[in-house]
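Before any comments, here is the structure.
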Amino acid sequence: MLDFVQNFPCFSIVSCMFAGIISSALKGKGAKILNLGVLLAVTVMSALTLGYVMDLGESYIYVMGTFSAPWGNELRVGVLEAAMALFFCVIMLLSLMGGQQKLQEEVEEGKQKLYYIMVDLLMSSLLALIYTNDMFTAYVFVEINTISACGLIMIRQWGRTIEAATRYMIMSLLGSGLLLMGLVFLYGLTGHLLMSNIHQGVVHIVEQGEYHIPLMVAIALMCTGLAIKSALFPFHSWLPDAYGYSTVASSAILSSLVSKGYIFLLIKIIYRVIGFDVIQQSKIINVLFVFGLAGMIMGSLSAIKESNIRRMIAFSSVAQIGYIYMGIGLGTEAGMTASVFHVLSHAVTKSMLFIAASGLLQASGDSTDFFDLTGAGFRNKTAGAAFTVGSLSMVGFPMFCGFTSKLLFARAAVDGSWKMLPALIVLAVSTLLNAIYFMKTVIRIYTPLREPAREKRFRKIGIGEQPMNFVALICFILLNVVLGLGAEPLVALLNNGLKMFA
Amino acid sequence: MDGWILIPIFLPVIAGAALLAFRRGTAGKNSDTGMEDGMSGKAQPESAGELKRLHLLVGAVLFVSALFALAAAWSGERQVTLFYLMADIPIYFRIDQVGALFVTFTSIVWVAVGVYSFVYMKHEGRERQFFGFYLLVYGVLVALDFSGNLVTLYMFYELMSLTSMPLVLHNRSREAVMAALKYLFYSMCGAYCGLFGIFFLYKYCDTLTFTAGGTLNLLLLGENGGLLLVAVFMMILGFGVKAGMLPMHAWLPTAHPVAPSPASAVLSGIIVKAGVLAVFRVIYYVVGPEFIRGTWVQTAWMSLALLTVFMGSLLAYREKVFKKRLAYSTVSQASYILFGLSLLSEAGVTGALLHSVFHAFIKSALFLTAGIFIFQCGKTRVEELRGIGKRMPKTLWCFTFAALALIGIPPASGFISKWYLAQGALEANVGVFGWLGPVVLLISALLTAGYLLPVTVRGFFPGSRAETSKEKAENELGAQAGQEDAEAVREHGGEPALGMLVPLAVMAALAVLLGLFPGALIEYAARIAAAVL
Chain W
1295 MLDFVQNFPC FSIVSCMFAG IISSALKGKG AKILNLGVLL AVTVMSALTL GYVMDLGESY
1355 IYVMGTFSAP WGNELRVGVL EAAMALFFCV IMLLSLMGGQ QKLQEEVEEG KQKLYYIMVD
1415 LLMSSLLALI YTNDMFTAYV FVEINTISAC GLIMIRQWGR TIEAATRYMI MSLLGSGLLL
1475 MGLVFLYGLT GHLLMSNIHQ GVVHIVEQGE YHIPLMVAIA LMCTGLAIKS ALFPFHSWLP
1535 DAYGYSTVAS SAILSSLVSK GYIFLLIKII YRVIGFDVIQ QSKIINVLFV FGLAGMIMGS
1595 LSAIKESNIR RMIAFSSVAQ IGYIYMGIGL GTEAGMTASV FHVLSHAVTK SMLFIAASGL
1655 LQASGDSTDF FDLTGAGFRN KTAGAAFTVG SLSMVGFPMF CGFTSKLLFA RAAVDGSWKM
1715 LPALIVLAVS TLLNAIYFMK TVIRIYTPLR EPAREKRFRK IGIGEQPMNF VALICFILLN
1775 VVLGLGAEPL VALLNNGLKM FA
Chain D
185 MDGWILIPIF LPVIAGAALL AFRRGTAGKN SDTGMEDGMS GKAQPESAGE LKRLHLLVGA
245 VLFVSALFAL AAAWSGERQV TLFYLMADIP IYFRIDQVGA LFVTFTSIVW VAVGVYSFVY
305 MKHEGRERQF FGFYLLVYGV LVALDFSGNL VTLYMFYELM SLTSMPLVLH NRSREAVMAA
365 LKYLFYSMCG AYCGLFGIFF LYKYCDTLTF TAGGTLNLLL LGENGGLLLV AVFMMILGFG
425 VKAGMLPMHA WLPTAHPVAP SPASAVLSGI IVKAGVLAVF RVIYYVVGPE FIRGTWVQTA
485 WMSLALLTVF MGSLLAYREK VFKKRLAYST VSQASYILFG LSLLSEAGVT GALLHSVFHA
545 FIKSALFLTA GIFIFQCGKT RVEELRGIGK RMPKTLWCFT FAALALIGIP PASGFISKWY
605 LAQGALEANV GVFGWLGPVV LLISALLTAG YLLPVTVRGF FPGSRAETSK EKAENELGAQ
665 AGQEDAEAVR EHGGEPALGM LVPLAVMAAL AVLLGLFPGA LIEYAARIAA AVL
């Protein structure tokens, strides 16, 4: 007999999707309220699901429709999935809250409705990517995800965003194409689309020693496809423009959720579809490791050269995604835990940084000149504090969640294999590079401005002016500190979830 | 539960944070002044009554927390676990003998310099901010001294870098900001080197909890000994940054001249010691001295320390800006301590610990003097100090006593610690360093005399009239206004207020008296040394 809670994952996906559809008949304000309501409902449902699965102690399978495996469509819900869903909802809510004001300013009245439709669709596709146990469903939602993400970038219409969206579209479609091809190969090899069944097929093939090359090609295609979509170096060229010029809520959502959704799918493929052992034996994981390392360095170097603060934060994302791939590439349980934790910690930090940066820019006449940020921390105090906390977290300062992820990465790296030294050295170098550009910015925003001519152009932004923004940033800061100081239960939870995951 | 030992950590931290936050609060209420304060960087002159309240509050908090810190330090071993960062990494405080020693001299210096700042900071302004951070750093330092494992130490080490940075950039000029950035980068680079090592130690040690003699597990280590040596060396280098060890010493001479003098005093006297403490903890309480004895790490460490001792003194000797000279002197003196630690012998460690204590008092006294010179007559360069002794003899006498102690002229305190350092070098079985060490220490002591004593000599005996008249001629070339300024300064500059003179006198007296009655301290340090070796 099905517990009622077991329906919640399915309800969440469907309700988000229907919210999108219904919103198209509503006005802007209505769409916004509906979106908020649905997100809150999904948050509550995910929390309940999480509690349920933790009680259950194992993952359960939810059959969609009347056909059973191996033909039907399934959701599979474990601790990790539920935790991710909950987390994504919270970040989505906070990002929208923090970016709301800017959204109203930057997006035409008539298009705001469209924005919320896109957010609804995006959320539904993210949830589907998290929960689904079917490769083809995953592919379909990857496409939905791509298209709605494009919408989020384009919603603020000027030359830069249109260019960025086009770039994003091209790169992303290339990625989806590769993913689809890999999927086709796997289907040809195993005859299944359900993840668990594919896994059985793969195990069988590997035991027989047959079809080694096609299997490797399939894995490579899927990894590359998802790497492109999640902006692993050197496929990151779409990222800075897309994150740097779109409206701030979009940047926050894209950087913290969209790319993470793909990474989550990749982890799923590694664990559930192909099997951890097979991946470990293949050399593909080493390739991911190397590109992860390269990303950590190159992303930070580009960020140092950048003077537009939002593009700088975007480049820093490239570096952080490098960290995640580095963790995956270590090919150990500990590395995977570290990566998953970093997915969370980066999501919290990066969305906070984007929103804080936008607040700082607002207090500096929306100028892209780095020197106009002088003293911005005094003009917009919440944003200044949040930016400082985010920077310290990125640099890996103890007390904040960035430090915990670094600790986890390092703990995973010190296992005596050949990957230890490169991982640790690059971790150290990249941390230093991070420190250079983030600390430079923090000092800049707290350097008092001494030129009255400039001062006239700027205005001071109080808390009362943007209450939502304030609340969102405070929540982000708290979340960051909680993840930094009390990470232990969460890490245990993730470990547990990863075990349940396979 | 020994929870109360958290009081000296959290009371100043909370009070400091409240001071800083309260400034924001008033800014919010009165947005115009807040704006000016923030944007133009000009201090809002605080009213006299407000200042008095501020001083009273800061003084009370400092005094109470120092009392608690001392009580905690000297009432036996106490420990408390704050929370768990990871399942096997708690944030954990335990007071042992070393921690007690460091907390004691930190607290004494901190309170004395705090009293001094009540007067001094009038001329720097922005007192609320200064004292806010001053309290914060004190809490963090106590936590650093009390920390019971390596990760806790690292956490507070980083916090210390961050919270002490605003002390450097206090006047917010361009130079100050650049200096603060430099300070932060050096500290962070160093700390990350240290962190890099911690990762390795985490893997190869039984526990990161400080245990006298080290916790390295040689079975786990296997063939990775060479790698671990590199990691240990990185840690020495990394934490050595704070102690101004070559090649990463450059932040000291940049940060000191721009920082307010009391900040320089604690930066040089106390915060530099945090680097020493970190190295001490790593080598003697986690890695274990036996692991690096006789390896290239020990050799490289000794060479670097000796090189720094010599170069620091030499640079100080050539430097003309008074505070910079003192900063270079710190570079040199802190490496005396590191050299003592690198010897891995009992006398060496005893000497290093003694020198940590003595140097804290001496160097604070010297910087406080420099502060008085700046405060009373705006003189920053050594050659301007000619004849200063006629106007403020008491100050210069204090300076002289501290200088003598630093040079190591018996019976002042520096002599004792240097004696033990030299003895340590001779008795440790370290080959060529056995005689090279004492020789370098001697040369450096001569150089120390060479850069400190002229200030005294010229201060009391300005020299022949011919020379002074030549200077006068030079002055006359300058603008009339400049001369008037000098005249005004001359009138103004007498002995400083008691609030500045007394802390200076206390520090100088401690520097001398500890040399006269060193018995208990030596015994205490020797006990620590015997325990860790």
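Chains as they are written, first to last, in the numbering used here: chain W, 1295 to 1796; chain D, 185 to 717.
Ideal Cβ placement from N, Cα and C applies to all residues, glycine included.
Computed from a predicted model, the values in this text were never measured in an experiment.
*Going by the CB atoms, is the gap between MET432 (chain D) and SER519 (chain D) shorter than 7 Å?*
For this step, residue 519 (chain D) is matched to residue 335 along the second sequence. For this step, residue 432 (chain D) is matched to residue 248 along the second sequence. SER519 (chain D) is not a Cβ neighbour of MET432 (chain D), given a cutoff of 7 Å.
_Same chain, Cβ closer than 8 Å to GLU308 (chain D), five either side skipped, listed in chain order_ = Position 124 of the second sequence, counted from the start, is the residue given in the question as residue 308 (chain D). Residues of the same chain with a CB within less than 8 Å of the CB of GLU308 (chain D), apart from the 5 flanking positions on each side, are PHE314, HIS354, ASN355, PRO444 in chain order.
_Bridge partner(s) assigned by DSSP for ASP1571 (chain W)_ = The residue given as residue 1571 (chain W) occupies position 277 in the first sequence. BP columns for ASP1571 (chain W) are empty, so no partner.
*Listing by chain order, which chain D residues have their CB less than 8 Å from the CB of GLU1782 (chain W)?*
The sequence position of residue 1782 (chain W) within the first sequence is 488, counting from 1. TYR268, LEU269, MET270, ALA271, listed in chain order.
_Can you look up PRO1742 (chain W) in the DSSP assignment and give me helix, strand or coil?_
Position 448 of the first sequence, counting from 1, holds the residue named residue 1742 (chain W). It is coil, neither helix nor strand.
*asked:* Let me check one thing: in DSSP terms, what residues is THR1806 (chain W) bridge-paired to?
replied: Any question about residue 1806 (chain W) goes unanswered here, given that chain W covers just 1295 to 1796.
*Is it buried or exposed for ASN214 (chain D), if we count other Cβ within 10 angstroms and need 16 for buried?*
Residue 214 (chain D) sits at position 30 when you count from the first residue of the second sequence. Note that ASN214 (chain D) has pLDDT 38, beneath the 50 cutoff, so the model's placement of it is unreliable and the number below is only indicative. ASN214 (chain D) should be labelled exposed.
_Distance between beta carbons of MET1688 (chain W) and THR1735 (chain W), contact taken as under 8 Å_ = Mapped onto the first sequence, residue 1735 (chain W) falls at position 441. Mapped onto the first sequence, residue 1688 (chain W) falls at position 394. About 11 Å; that fails the 8 Å criterion.
*Looking at chain D, which residues of the region 1407-1418 of chain W have a Cβ within less than 9 Å of any of its Cβ atoms?*
Residues: none.
*For MET1391 (chain W), which of W:VAL1413, W:GLY1372, W:LEU1638, W:MET1378 has the nearest alpha-carbon?*
Here residue 1391 (chain W) refers to the residue found at position 97 when the first sequence is read from its first residue. With distances taken between CA atoms, MET1391 (chain W) lies nearest to W:VAL1413 out of W:VAL1413, W:GLY1372, W:LEU1638, W:MET1378.
*To which residues of the same chain is ASN1367 (chain W) closer than 7 Å at the C-beta, ignoring the five residues directly before and after it?*
Along the first sequence, read from residue 1 onward, the residue named residue 1367 (chain W) stands at position 73. Only MET1358, GLY1359, ASP1428, THR1431 meet the Cβ criterion.
_Contact under 7 Å by Cβ, ILE1771 (chain W) with VAL1683 (chain W)_ = Residue mapping note: residue 1771 (chain W) aligns to position 477 of the first sequence, counting from 1. Residue mapping note: residue 1683 (chain W) aligns to position 389 of the first sequence, counting from 1. In contact: ILE1771 (chain W) and VAL1683 (chain W) (Cβ atoms closer than 7 Å).
*Check each residue of the region 380-411 of chain D: if its Cβ is closer than 9 Å to any Cβ of chain W, include it; give the result in chain order.*
Within the region 380-411 of chain D, the residues whose Cβ lies closer than 9 Å to some Cβ of chain W are PHE380, ILE382, PHE383, PHE384, TYR386, LYS387, TYR388, GLY406, ASN408, LEU411, listed in chain order.
*Would you say ILE275 (chain D) and PHE286 (chain D) are within 7 Å of each other, going by their C-beta atoms?*
Translated into positions along the second sequence, residue 275 (chain D) becomes position 91. Translated into positions along the second sequence, residue 286 (chain D) becomes position 102. Contact flag unset, no.
*In three-state terms, what does DSSP make of ASN1728 (chain W)?*
What you label residue 1728 (chain W) is simply residue 434 of the first sequence in a count that begins at 1. If DSSP states are grouped into helix, strand and coil, ASN1728 (chain W) belongs with the helices.
_Out of W:ALA1704, W:GLU1352, W:VAL1371, W:LEU1388, which one is the CA nearest neighbour of LEU1333 (chain W)?_
Along the first sequence, one-based indexing puts residue 1333 (chain W) at 39. It is W:LEU1388.
*Using the C-alpha atoms, what's the distance from THR1541 (chain W) back to ARG1454 (chain W)?*
Against the first sequence, residue 1454 (chain W) aligns to sequence position 160. Against the first sequence, residue 1541 (chain W) aligns to sequence position 247. Computed Cα separation, rounded: 12 Å.
*asked:* Between which residues of its own chain and ALA500 (chain D) is the CB-CB distance below 6 Å, once the five residues before and five after are set aside?
replied: Residue mapping note: residue 500 (chain D) aligns to position 316 of the second sequence, counting from 1. ARG509, TYR512, SER513, TYR635.
*Near GLU1375 (chain W), which residues of its chain fall below 6 Å by C-beta distance, leaving aside the five closest residues on each side in sequence?*
One-based indexing of the first sequence puts residue 1375 (chain W) at position 81. The residues are ILE1424, TYR1425.
*asked:* Looking at chain W, is there any beta carbon in it that lies within less than 7 Å of the beta carbon of GLU359 (chain D)?
replied: Stepping through the second sequence from its first residue, residue 359 (chain D) is reached at position 175. Not one chain W Cβ lies under 7 Å of GLU359 (chain D).
*From the DSSP output, which residues share a beta bridge with GLU1600 (chain W)?*
Here residue 1600 (chain W) corresponds to residue number 306 of the first sequence, with the count starting at 1. Paired residue(s): none; GLU1600 (chain W) is not in a bridge.
*Which partner residues of TYR1356 (chain W) appear in the DSSP bridge assignment?*
On the first sequence, position 62 is the one that residue 1356 (chain W) refers to. Looking at the DSSP output, TYR1356 (chain W) bridges to W:LEU1369.
*Neighbourhood of LEU1446 (chain W) by C-beta distance below 6 Å, restricted to the same chain and skipping five residues each side*: Locating residue 1446 (chain W) in the first sequence gives position 152, counting from the first residue. Shown here for LEU1446 (chain W): same chain residues with a beta carbon closer than 6 Å to its own, the five before and five after excluded, namely MET1412, SER1544 in chain order.
*Beta carbon of CYS1695 (chain W), beta carbon of ASN1774 (chain W): below 7 Å?*
For the purposes of this step, residue 1695 (chain W) is taken as the residue at position 401 of the first sequence. For the purposes of this step, residue 1774 (chain W) is taken as the residue at position 480 of the first sequence. Using a Cβ distance threshold of 7 Å, CYS1695 (chain W) and ASN1774 (chain W) count as a contacting pair.
*Pull up the CB-CB distance for ILE1598 (chain W) and TYR1731 (chain W), whole angstroms please, since I reckon it's below 8 Å.*
Counting from one through the first sequence, the residue named residue 1598 (chain W) turns up at place 304. Counting from one through the first sequence, the residue named residue 1731 (chain W) turns up at place 437. Contact flag correct, Cβ pair sits at about 5 Å.
*Give me the Cβ distance between ALA1651 (chain W) and ARG1604 (chain W), rounded to the nearest whole Å; I'm assuming they're in contact under 8 Å.*
In the first sequence, counting from the first residue as 1, residue 1651 (chain W) sits at position 357. In the first sequence, counting from the first residue as 1, residue 1604 (chain W) sits at position 310. The C-beta distance from ALA1651 (chain W) to ARG1604 (chain W) rounds to 6 Å, short enough to fall under 8 Å.
*Taking DSSP as the reference, what is the three-state secondary structure of LEU319 (chain D)?*
For the purposes of this step, residue 319 (chain D) is identified with residue 135 of the second sequence, where counting begins at 1. LEU319 (chain D): helix per DSSP, three-state reduction.
*asked:* Give me the chain D residues within the contact set of MET1733 (chain W), using Cβ-Cβ distance strictly less than 9 Å, ordered along the chain.
replied: To locate residue 1733 (chain W), count along the first sequence from 1; it is residue 439. Residues of chain D with a Cβ closer than 9 Å to the Cβ of MET1733 (chain W) are, in chain order, LEU365, LEU368, PHE369, MET372.
*asked:* What would DSSP say about ARG159 (chain D), mapped onto helix, strand or coil?
replied: Missing from the structure shown is residue 159 (chain D); chain D here goes from 185 to 717 and no further.
_Taking CB distances under 7 Å as the criterion, tell me whether VAL1723 (chain W) reaches chain D._
Mapped onto the first sequence, residue 1723 (chain W) falls at position 429. False, the Cβ-Cβ gap to chain D never drops below 7 Å.
*Is it right to say PRO446 (chain D) is buried, meaning 16 or more other beta carbons lie within 10 angstroms of its own, or is it exposed?*
Along the second sequence, read from residue 1 onward, the residue named residue 446 (chain D) stands at position 262. Residue burial is scored here from C-beta neighbours: PRO446 (chain D) has at least 16 other C-beta atoms within 10 angstroms and is therefore classed as buried.
*Between SER1601 (chain W) and LEU1533 (chain W), what straight-line distance do the alpha-carbon atoms span, to the nearest angstrom?*
As a position in the first sequence, residue 1601 (chain W) is number 307, starting the count at 1. As a position in the first sequence, residue 1533 (chain W) is number 239, starting the count at 1. Taking the CA atoms as reference points, SER1601 (chain W) sits about 16 Å from LEU1533 (chain W).
*Counting pairs of beta carbons, one from the region 277-286 of chain D and one from the region 256-265 of chain D, are three or more of them closer than 8 Å?*
The region 277-286 of chain D is in contact with the region 256-265 of chain D.
_By the DSSP assignment, the alpha helix (DSSP H) with TYR1505 (chain W) in it spans what residues?_
Residue 1505 (chain W) sits at position 211 when you count from the first residue of the first sequence. Run containing TYR1505 (chain W): none; DSSP gives neither H nor E here.
*In or out: PHE206 (chain D) buried (at least 16 other Cβ within 10 Å) or exposed?*
As a position in the second sequence, residue 206 (chain D) is number 22, starting the count at 1. Around the beta-carbon of PHE206 (chain D), fewer than 16 other beta-carbon atoms lie within 10 Å, marking it exposed.
*Using the Cα positions of TYR1433 (chain W) and LEU1718 (chain W), report the straight-line distance between them to the nearest angstrom.*
As a first step, residue 1433 (chain W) must be located in the first sequence, where it is residue number 139. As a first step, residue 1718 (chain W) must be located in the first sequence, where it is residue number 424. Rounded to the nearest angstrom, the two C-alpha atoms are 35 Å apart.
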